[in-house]
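**Student:** Residue numbers (this note's numbering): 6 to 160.
Don't be surprised by glycine CBs; every beta carbon is placed ideally from N, CA and C.
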Amino acid sequence: MGTQHLSDAELAAQPAAYWTGVAYEALIAFTRARQAEFGFTQPQFWLLRNLSKNDISPDGHGMTVPELERAMSTYLRPEDDLRAEAEILRKRGWLTRDAEERWWITEAGEDARAGLKKYAPAIRDQIHRGIDDVDYVTTLKVLRQMIRNTGGPTV
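(1) Cα separation between Leu16 and Lys146?
(2) Go to Trp24, then tell me how far its alpha helix (DSSP H) extends in each direction, as first and last residue.
(3) Would you tell me roughly how many angstroms separate the C-alpha atoms of Leu32 and His133, rounded to the nearest one?
(4) Compute the Euclidean distance between the alpha carbons of Leu53 and Leu87, then round it to the nearest angstrom.
(5) Which of helix, strand or coil does DSSP assign to Ile136?
(6) Quick check on DSSP: helix, strand or coil for Trp109?
(7) Within 10 angstroms of its Cβ, does Arg118 collect 16 or more other Cβ (buried), or is it exposed?
(8) Roughly how many angstroms separate the alpha carbons of Gln47 and Tyr80, rounded to a whole number?
(9) Along the chain, where does the beta strand (DSSP E) that runs through Leu100 open and close?
(10) What's the gap between the Cα of Ala113 and the Cα of His10?
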């Protein structure tokens, strides 16, 4: 879609689904590329976060891969292989697996999770460059209303 020089009226007529799809793919690719530069993948970070009692996990109990997939179902991508990613983290000493196939975060994994989290502000700053918070909030409010208008999940 050639959209380099659209007027405001032409922009207003553009399909939101197209632009949200383009934005999603670009943002995910950018985020994953930056994380790879720092030596980890987005699914690895999600595994650590979902297993940490200091982050997403409410109790710090281990989880099986199917349980982790259900917990992450709203943001996993089809190409994400949690079993393979968990194995990489096990080899790093960040996760362990028990006899019931439950994955657990180790102390080293907790330290790594906290360390990896420090990269998020720099990634966010690059994504938000040139966008003030007022415009960003307005954009999110508009997107949330579109979701409500189309019967999507309440967010």
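**Tutor:** The answer reads as follows:
(1) C-alpha separation (whole angstroms): 18 Å.
(2) From DSSP, the alpha helix (DSSP H) with Trp24 extends over Ala21 to Glu42.
(3) The alpha-carbon atoms of Leu32 and His133 are separated by roughly 11 Å.
(4) Rounded to whole angstroms, Leu53 and Leu87 show a C-alpha spacing of 11 Å.
(5) Judged by DSSP in its simplified three-state form, Ile136 adopts coil rather than helix or strand.
(6) Trp109: strand per DSSP, three-state reduction.
(7) So Arg118 ends up on the buried side.
(8) Counting only the Cα atoms, Tyr80 lies some 10 Å from Gln47.
(9) First-last of the beta strand (DSSP E) with Leu100: Leu100 to Arg102.
(10) Distance between the alpha carbons of Ala113 and His10 is about 51 Å.
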